[in-house]
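Residue numbers (my numbering): 2 to 84. Note that CB positions come from ideal geometry on N, CA and C, so glycine has one too. Data first, discussion second: the structure below is written as structure tokens.
In structure tokens form, the structure reads like this:
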């Protein structure tokens, strides 16, 4: 049996806290996951909540500052196992 790091499941609230504050427990876990010390799992609907928040609050001149390709790249760059 192969060794695996301890795993944590994040919901949308956990993802928001991890992405927008490195000083929260979730932010520290995200950093630990990037280093391979833990695994973070999240369902696609959790990402949908993050997308909604980004698209509805981060705007410039009334338009979202990120496009679909940039958001896709962000999701793919996160050290999260999506389910």
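As assigned by DSSP and simplified to three states, the class of residue 83: Locating residue 83 in the chain shown gives position 82, counting from the first residue. Of the three classes helix, strand and coil, the one that applies to residue 83 here is strand, per DSSP.
Beta-carbon proximity of residue 72 to residue 59, cut-off 8 Å: Residue 72 sits at position 71 when you count from the first residue of the chain shown. Residue 59 sits at position 58 when you count from the first residue of the chain shown. Not closer than 8 Å, so no.
Which residues DSSP lists as bridging residue 43, in chain order: Here residue 43 refers to the residue found at position 42 of the chain shown. Residue 43 pairs with 11, 83.
Span of the alpha helix (DSSP H), counted from its first residue to its last, around residue 76: On the chain shown, residue 76 is found 75 positions in, with the first residue counted as 1. Counting along the chain, the alpha helix (DSSP H) containing residue 76 begins and ends at 69-78.
Residue range of the unbroken alpha helix (DSSP H) whose run includes residue 28: Indexing the chain shown from 1 puts residue 28 at position 27. Here the alpha helix (DSSP H) through residue 28 covers 26-35.
CB contact below 8 Å: residue 77 versus chain D: No chain D is part of this structure, which consists of one protein chain only.
Within 8 Å, strictly: CB atoms of residue 31 and residue 41: Here residue 31 refers to the residue found at position 30 of the chain shown. Here residue 41 refers to the residue found at position 40 of the chain shown. Contact: yes.
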